[in-house]
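Top line first, the protein sequences correspond to chains A and B. Residue 329 in the working numbering is what sits at position 323 of the first sequence, and the numbering runs on without skipping anything. Residue 102 in the working numbering is what sits at position 96 of the second sequence, and the numbering runs on without skipping anything. Backbone N, C-alpha and C fix where the C-beta goes; we use that ideal spot for every residue, glycine too.
Number of protein chains: 2
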Amino acid sequence: MKILITGGGGFVGARLARQLLARGQLAGRPIQRLVLADQVAPPAALLADPRVEARVGKLLTQCDALRGEDVDAVFHLASAVSGECEADFELGMSSNLDSTRALLDALRARQQAGAAPTRVVFSSSIAVFGPDPAYPFPPIVGDDTLPTPQTSYGTQKLICEHLIADYTRKGFIDGRAARLVTVTVRPGRPNGAASSFFSGIIREPLAGQEGILPVDLDVQHPVGTVQRMVDGLIAVFEASREAFVGRSAITLPGLNVTVREMLDALEAVAGPAVRARVRAQRDERIAGIVANWPRGVVTPRAQALGLKADASFEDIIREYIADCRADNPAALAGLG
Amino acid sequence: MKILITGGGGFVGARLARQLLARGQLAGRPIQRLVLADQVAPPAALLADPRVEARVGKLLTQCDALRGEDVDAVFHLASAVSGECEADFELGMSSNLDSTRALLDALRARQQAGAAPTRVVFSSSIAVFGPDPAYPFPPIVGDDTLPTPQTSYGTQKLICEHLIADYTRKGFIDGRAARLVTVTVRPGRPNGAASSFFSGIIREPLAGQEGILPVDLDVQHPVGTVQRMVDGLIAVFEASREAFVGRSAITLPGLNVTVREMLDALEAVAGPAVRARVRAQRDERIAGIVANWPRGVVTPRAQALGLKADASFEDIIREYIADCRADNPAALAGLG
Chain A
7 MKILITGGGG
17 FVGARLARQL
27 LARGQLAGRP
37 IQRLVLADQV
47 APPAALLADP
57 RVEARVGKLL
67 TQCDALRGED
77 VDAVFHLASA
87 VSGECEADFE
97 LGMSSNLDST
107 RALLDALRAR
117 QQAGAAPTRV
127 VFSSSIAVFG
137 PDPAYPFPPI
147 VGDDTLPTPQ
157 TSYGTQKLIC
167 EHLIADYTRK
177 GFIDGRAARL
187 VTVTVRPGRP
197 NGAASSFFSG
207 IIREPLAGQE
217 GILPVDLDVQ
227 HPVGTVQRMV
237 DGLIAVFEAS
247 REAFVGRSAI
257 TLPGLNVTVR
267 EMLDALEAVA
277 GPAVRARVRA
287 QRDERIAGIV
297 ANWPRGVVTP
307 RAQALGLKAD
317 ASFEDIIREY
327 IADCRADNPA
337 ALAGLG
Chain B
7 MKILITGGGG
17 FVGARLARQL
27 LARGQLAGRP
37 IQRLVLADQV
47 APPAALLADP
57 RVEARVGKLL
67 TQCDALRGED
77 VDAVFHLASA
87 VSGECEADFE
97 LGMSSNLDST
107 RALLDALRAR
117 QQAGAAPTRV
127 VFSSSIAVFG
137 PDPAYPFPPI
147 VGDDTLPTPQ
157 TSYGTQKLIC
167 EHLIADYTRK
177 GFIDGRAARL
187 VTVTVRPGRP
197 NGAASSFFSG
207 IIREPLAGQE
217 GILPVDLDVQ
227 HPVGTVQRMV
237 DGLIAVFEAS
247 REAFVGRSAI
257 TLPGLNVTVR
267 EMLDALEAVA
277 GPAVRARVRA
287 QRDERIAGIV
297 ANWPRGVVTP
307 RAQALGLKAD
317 ASFEDIIREY
327 IADCRADNPA
337 ALAGLG
């Protein structure tokens with residue numbers, strides 16, 4: 007089968023690609039071709055696999071060509087991140103809404119030309135949730151919590167969820183939307199997401215650098231490793247429609263953890279000197295955005311698909327260290 | 007002030023226009039100009055008022071020009087109806103989603119050029135609600151019920167609600183979305199809406215013709231007169247942001263009534279011979295759509311704005327008869 011991953015050059019997309027290549031099959035069908043569409047090229051290790059094809063450029067400009075292409079499966083991960091969407095409204099609308107619609111319309115055109123509906127997994131986000139003054143905001147959100155997004159990013163993700171549901175209802179695609187919790191620990195540099203510090207306060211201290219904490223220690227948030235998210239996206243893809251139940255988005259499991267617990271775990275795994283590299287420096291913009299995010303998730307639908315959150319934040323840190331060393335055995339050598 | 011009503015040639019839009027002209031003011035400001043944008047021309051009686059300007063044509067083609075125009079208030083009612091959207095997916099997406107976005111972007115351009123955010127009331131619909139197999143579907147829906155639309159029309163309305171909320175959050179507009187219940191009794195001919203029969207089973211028998219009932223007598227649904235909807239749209243416009251509370255859509259009041267109660271009211275108002283003109287002829291397509299609609303509404307937010315449902319279905323029928331006779335004193339003469 008031929009699989010398209012939009013955002014396939016990004017952190018989650020590249021990890022998903024690596025996992026799919028290692029499995030060799032999806033839903034029981036051998037993977038012949040893996041197309042990674044992104045504005046950036048995928049990691050060299052992925053490109054070295056003869057099954058991989060990279061398409062570098064804006065997704066919006068690539069969708070027309072998809073109307074004539076036999077793609078058996080789509081993981082639609084491409085997205086401008088929350089901070090970018092707040093700073094540049096038009097960028098968010100174009101990257102997140104117009105691109106998704108162009109992709110869905112390309113798949114619809116294929117279905118209307120006689121192809122079977124393409125199975126599509128869309129990565130949404132718990133950013134669809136937020137406090138609305140008209141209603142109480144549950145601290146822990148579930149799949150059936152009323153989404154009242156408080157960011158353009160969350161609004162765009164929610165709109166795309168509903169497009170996916172309606173295109174699925176009409177039989178144009180076989181779509182499923184999965185809301186990801188905040189992925190941590192992300193490697194590399196901070197990105198434009200308001201949630202970037204959730205990785206920074208672990209990643210930078212582990213690397214011997216200062217990590218900036220822009221919010222209070224009492225902030226609680228659902229998080230998970232990239233591996234849990236990839237497991238979730240694949241499970242959602244492989245689920246039968248009956249097992250997925252309905253067409254509404256599901257939330258992937260997350261570990262509901264406070265910043266204080268994150269730092270305690272950092273100390274437990276890497277020692278007090280590493281924790282001491284975290285410096286509190288409140289950022290009102292980020293604190294304001296994060297104050298509107300859920301403090302945790304309950305995920306019965308995902309659990310019914312066999313998915314689980316990470317067992318502890320210490321496990322999350324250890325998995326990050328192991329990932330770094332898998333890529334480079336000399337990484338984080340100072341940790342012993 | 008200058009007011010734009012999109013869909014201003016339609017049933018609700020023209021009635022809203024008539025009401026605004028009769029009031030002469032909106033939110034305390036005198037009305038100098040009333041622009042009615044629609045694909046059809048407004049009724050001649052409206053055009054005779056020197057304050058009225060008709061713009062006939064697709065809304066989508068009119069939005070660019072709005073970028074340079076001083077409009078103080080917008081009632082955005084233009085919409086393809088539910089039956090049309092199910093039959094022609096692209097028509098619905100264009101008429102309901104693309105047009106709304108083009109309108110909002112025109113208003114955003116004005117705000118970004120220095121104008122105050124334009125106040126916008128968007129007419130949404132209780133079609134945003136529907137049963138999803140993943141969750142119990144409450145028979146009576148409220149403002150905080152999770153919307154899982156089961157039609158393209160409902161999906162498009164819900165998406166527009168979220169666009170309105172986000173454009174408002176960003177300060178581009180001062181938007182409010184109000185979900186209308188099914189308007190009955192509509193005059194004239196049946197339209198493409200799946201709900202059209204709710205008017206037909208009253209209007210046709212009153213006019214001496216056969217009325218076709220395509221669903222069971224036990225179907226219950228929230229309905230209201232056009233006057234209640236117009237009252238609601240104006241109240242939502244005139245509400246302060248504090249009184250509206252938040253940015254989520256509110257549901258306008260409706261009378262929760264069964265088809266059996268509607269026909270009993272018809273008999274009470276017009277006699278058994280009129281009721282006998284209703285003929286049951288089940289239409290599986292319509293019955294299937296209606297089965298996915300709410301059986302009633304609770305509307306605490308609208309009631310906090312002073313809005314009320316019609317007191318009884320008999321009142322609804324009597325108001326319809328009075329409306330017909332206001333337009334034409336000889337109308338429905340056979341009723342005595």
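- Considering only B:D55, B:F17, B:L10, the residue with the shortest C-alpha distance to A43 (chain B) is B:L10.
- V134 (chain A) counts as buried, since no fewer than 16 other beta carbons sit within 10 angstroms of its beta carbon.
- For Q215 (chain B), the three-state secondary structure derived from DSSP is coil.
- The DSSP-derived three-state label of S105 (chain B) is helix.
- Annotation for K8 (chain A): no alpha helix (DSSP H) segment contains it, though the beta strand (DSSP E) segment containing it runs 8-12.
- Under a criterion of Cβ atoms nearer than 7 Å, the residues of chain A adjacent to G252 (chain B) are, in order, D138, P139, A140.
- Looking from the CA of P193 (chain B), the closest CA among B:R209, B:F95, B:R247 belongs to B:R209.
- In the DSSP assignment, L26 (chain A) falls within the alpha helix (DSSP H) that extends over 17-29.
- Between G230 (chain A) and V189 (chain A), the beta carbon gap of about 7 Å places them in contact (Cβ cut-off 8 Å).
- One alpha carbon belongs to A140 (chain B), the other to G252 (chain A), and they sit about 6 Å apart.
- With fewer than 16 other beta carbons inside 10 angstroms of its own, S246 (chain B) counts as exposed.
- T67 (chain B) counts as exposed, since fewer than 16 other C-beta atoms from the protein chains shown sit within 10 angstroms of its C-beta.
- The beta carbon of L223 (chain B) lies closer than 6 Å to those of V265, R266 in the same chain, with the five residues before and after it left out.
- In this structure, the alpha-carbon of Q233 (chain A) lies about 28 Å from that of P123 (chain A).
- Every unbroken stretch of the alpha helix (DSSP H) spanning 4 or more residues and falling wholly within the segment 227-292 of chain A is given here in chain order: 232-244, 247-250, 265-276, 278-281.
- Judged by DSSP in its simplified three-state form, S129 (chain B) adopts strand.
- Counting along the chain, the unbroken beta strand (DSSP E) around L186 (chain B) starts and ends at 179-186.
- DSSP, reduced to helix, strand and coil, places A54 (chain B) outside both helices and strands of the structure shown, so it counts as coil.
- For H168 (chain B), at least one C-beta of chain A is nearer than 8 Å to its own C-beta.
- Here V58 (chain A) is buried: its Cβ has 16 or more other Cβ atoms, across all protein chains shown, within 10 Å.
- Residue state for T124 (chain B) is assigned as strand, using DSSP reduced to three classes.
- C-alpha of R301 (chain A) to C-alpha of T151 (chain B): approximately 21 Å in a straight line.
- Leaving aside the five residues that flank Q156 (chain A) on each side, the residues in its chain whose CB is nearer than 6 Å to its CB run, in chain order, G136, N298.
- Counting only Cβ-Cβ distances below 8 Å, K163 (chain B) has no contacts in chain A at all, with the closest Cβ about 10 Å away.
- In the same chain as A199 (chain B), and ignoring 5 residues on each side of it, the C-beta atoms closer than 7 Å to its own belong to V87, S88, G89, in chain order.
- By the Cβ test, the segment 157-173 of chain A is in contact with the segment 105-113 of chain A, since at least three Cβ pairs between them sit closer than 8 Å.
- For S158 (chain B), the C-beta contacts it makes with chain A under 9 Å involve D172, R175, K176, in order along the chain.
- Against chain B, the beta carbon of F95 (chain A) has neighbours under 7 Å at K176, listed in chain order.
- Going by DSSP, L72 (chain B) is part of the alpha helix (DSSP H) stretching over 69-72.
- With fewer than 16 other beta carbons inside 10 angstroms of its own, Q287 (chain A) counts as exposed.
- Three or more Cβ pairs drawn from the segment 318-332 of chain A and the segment 274-281 of chain A lie within less than 8 Å of each other, which places the two stretches in contact.
- Comparing C-alpha distances from L338 (chain A) to each of A:I292, A:L164, A:D270, A:P211 shows the shortest one belongs to A:P211.
- According to DSSP, residue pairing for H82 (chain A) in a beta bridge involves A:T12, A:F128.
- The shortest CA-to-CA distance from G160 (chain A) to any of B:I165, B:T161, B:D76 is the one to B:I165.
- In this structure, the CA atom of A112 (chain B) is about 48 Å from the CA atom of A54 (chain A).
- Contacts between R307 (chain B) and chain A, judged by CB atoms closer than 7 Å, involve A140 in chain order.
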